[in-house]
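So the structure is just underneath, and the comments pick up after that.
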Amino acid sequence: YFDELYHVLFVAPAFWLGRIFWKKGDEGTIDRFGPNGIAAVVAGTGAYARKAQSGHIYTYALVMLLGLAAAATWAMVG
250 YFDELYHVLF
260 VAPAFWLGRI
270 FWKKGDEGTI
280 DRFGPNGIAA
290 VVAGTGAYAR
300 KAQSGHIYTY
310 ALVMLLGLAA
320 AATWAMVG
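In the working numbering, the protein residues as written are 250 to 327.
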């Protein structure tokens with residue numbers, strides 16, 4: 250009977266507390282803001298960058314030339 254009493258008094262509460270720390274602390278906080286949060290930011294950034302990619306080289310060249318012209322104008326005026 251000693252083993253059953255030990256289990257009820259110490260083991261079961263330790264498992265219960267460990268499960269709370271695991272679900273709330275590890276999965277709820279650490280994983281949410283750590284690996285899962287970083288993965289969500291990378292996925293969101295990739296989805297945003299995907300919209301900017303058209304695949305047409307002349308579009309990229311035009312944007313670079315417009316940026317160069319804007320930088321040159323800013324350097325001359327400012």
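Just so you know, even glycine gets a beta-carbon here, dropped at the ideal spot from N, CA and C.
Being a predicted model, the structure only gives us computed values, none of them experimental.
List in chain order: all unbroken alpha helix (DSSP H) runs of 4+ residues lying wholly within the region 254-298.
Listed in chain order, the complete alpha helix (DSSP H) runs (minimum 4 residues) inside the region 254-298 are 261-269.
Mapping DSSP to helix, strand and coil, what is residue 316?
Here residue 316 sits in helix by DSSP.
Does DSSP classify residue 309 as helix, strand or coil?
Reduced to three states, the DSSP call for residue 309 is helix.
Just the C-alpha distance for residue 292 and residue 264, rounded to the nearest angstrom, thanks.
Distance between the alpha carbons of residue 292 and residue 264: 36 angstroms.
Expressed to the nearest angstrom, what Euclidean distance is found between the alpha-carbon atoms of residue 261 and residue 274?
Each residue's Cα considered, the two are about 19 angstroms apart.
If you draw a straight line from the alpha carbon of residue 323 to that of residue 305, how long is it in whole angstroms?
When rounded, the distance between both Cα atoms is 28 angstroms.
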